[in-house]
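Student: Each residue of the sequence shown is one higher than the last, beginning at 590 in this note's numbering.
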Amino acid sequence: MKQTFLKVKERPIRTATSTPVMPGAGALWQHHQPRRVNSLSNWLKSFPFIALHLVCIAVLFLPDFGISATTIGLCALTYFIRMFGITGVYHRYFAHRSYKTSRPMQFLLACLGCSAFQKGPLWWASHHRQHHRYSDTPDDPHSPREKSFWWAHVGWILSEDHIETPHEVIRDWERYPELCWLDRNHWIPGLVLAISCYVFGAFIGGWNGNPATFFSQSAGWIHLLWGFVISTILCYHATFSINSLSHLLGTRRYVTNDDSRNNLFLALITLGEGWHNNHHHYQSSVNQGFFWWEIDISYCIIRTMAFFGLTWDLRKPGKKALTFRNVEVKRAEAV
Ligand SMILES: [Zn+2]
Ligand SMILES: [Zn+2]
């Protein structure tokens, strides 16, 4: 494993309440910084995450890699739905409150987000709020500028620094006991989805419902592999690419205090999150594609839900916000 995963640079720390101070310089450092311990035990705690990646290797030993219309279709479906659970729910709803919904719908949407196996909504949203509060500074949980590409992509998740939820930034959601319960038991929706994929595949393969033969359905295992495991891994790395690549590759329309970029490819694979520079410019906007050519499928889904009365009060940037600190407008004015 490359050491760059775990590399923590020793450099001056800038925080909202402190002047620059070097690591190890005393109480100020201790107060503002989480523990930065990186050891083998961290990796052992990450075993399920690593094991899920290793299980994907099983496709190499399957006839035709297990590819069929139903396995690929199921993989695409669970990818698409769960990607929306991350982008449209965990990100735009829980982290940024960019639209409103009812309390029952809020819980159902949170379950959808949990099914992506990216921990609970409070953990996810709180770390994302930290990302915006300290974007590309030493206090950012996943800045490729401050550490490395691999740290921003996956290292920060595997480190011990970010296992706990920074509760102080997520108090607004902690008053909902059902969300706190779900956050503690975030693995349940994912497990239900995994079992559903297996049962679906078993029936496709001709299982007659006999409990005695339940675990010996090869079609069940293949659909579990494609519909849940591979789909989950694809969903992971598409999501992670926003933390890593969206701060490295692409164009910058807005002048922001970070390295955020707009990137069409990332927008396509993440249902609209690739318009990351737009997002850093106007964080509470429900749409991250600001113009019609900036494809933003999550926004289309949320707007469709609004049409049916399931969501409302969608927050969007006004004309002034669209032109403020816009380098394209400044360039046009200069000509
Ligand atoms: Zn960002
Ligand atoms: Zn955000």
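Quick reminder that beta carbons are idealized off the backbone N, C-alpha and C, glycines included.
Counting Cβ pairs closer than 8 Å, one from the stretch 656-669 and one from the stretch 875-885, do we hit at least three?
Tutor: no
Student: Please enumerate, following chain order, all residues with a beta carbon closer than 6 Å to at least one heavy atom belonging to ligand 2.
Tutor: His680, Ala684, His685, His717, His721, His868 and Gln872
Student: In the DSSP assignment, the alpha helix (DSSP H) including Ala827 goes from what residue to what residue?
Tutor: It spans Ser820 to Ser833 - the alpha helix (DSSP H) in which Ala827 sits, taken as one unbroken run.
Student: If you count every other CB in all the chains shown that lies within 10 Å of the CB of Ala921, and 16 or more means buried, which is it?
Tutor: exposed
Student: Just checking my contact of Lys689 with Thr912 at CB under 8 Å: how many whole Å lie between their CB atoms?
Tutor: Contact flag wrong, Cβ pair sits at about 27 Å.
Student: Under the rule that 16 or more other beta-carbon atoms within 10 Å means buried, what is Thr893, buried or exposed?
Tutor: exposed
Student: Quick one: what does DSSP say Tyr688 is sitting in, helix, strand or coil?
Tutor: coil
Student: My guess is that Pro693 and Leu768 are in contact by the Cβ rule of under 8 Å, so how many angstroms apart are they, rounded?
Tutor: That belief does not hold up - the Cβ atoms of Pro693 and Leu768 are roughly 12 Å apart, past 8 Å.
Student: Grab me the residues of Pro623's own chain with a C-beta within less than 7 Å of its C-beta, minus the 5 sequence neighbours each way, in chain order.
Tutor: Below a pLDDT of 50, predicted positions are generally treated as unreliable, and Pro623, at 46, falls in that range; the measurement from the model is reported next regardless. Excluding positions up to five away in sequence, the list reads Asp750.
Student: Is it a yes or a no for the stretch 812-823 touching the stretch 777-795, going by three-plus beta-carbon pairs under 8 Å?
Tutor: yes
Student: Taking 7 Å as the line, does the beta carbon of Ser874 fall inside it for any heavy atom of ligand 1?
Tutor: No, Cβ of Ser874 sits at least 7 Å from all heavy atoms of ligand 1.
Student: Can you say whether Ile819 is buried or exposed, counting buried as having 16 or more other CB atoms within 10 angstroms of its CB?
Tutor: Classification of Ile819: buried, given that the 10 Å Cβ count is 16 or more.
Student: Residues in the same chain with beta-carbon distance under 8 Å from Leu643, minus the five sequence neighbours each way, listed in chain order, please.
Tutor: none
Student: Taking 7 Å as the cut-off, does the CB of Ser724 come closer than this to any heavy atom belonging to ligand 1?
Tutor: At least one heavy atom of ligand 1 falls within 7 Å of the beta-carbon of Ser724.
Student: With a threshold of 7 Å, establish whether the CB of Ser785 neighbours any heavy atom of ligand 1.
Tutor: no
Student: Check each candidate in Phe683, Ile890, Arg850 and Ser805 and name the one with the smallest Cα separation from Arg760.
Tutor: For Arg760, the nearest C-alpha among the options comes from Phe683.
Student: Give a single yes or no on whether Ser835 has its beta carbon closer than 7 Å to a heavy atom of ligand 1.
Tutor: yes
Student: Whether or not the stretch 642-662 and the stretch 673-687 are in contact is what I'm after, with contact meaning three or more pairs of Cβ atoms, one per stretch, closer than 8 Å; do they touch?
Tutor: no
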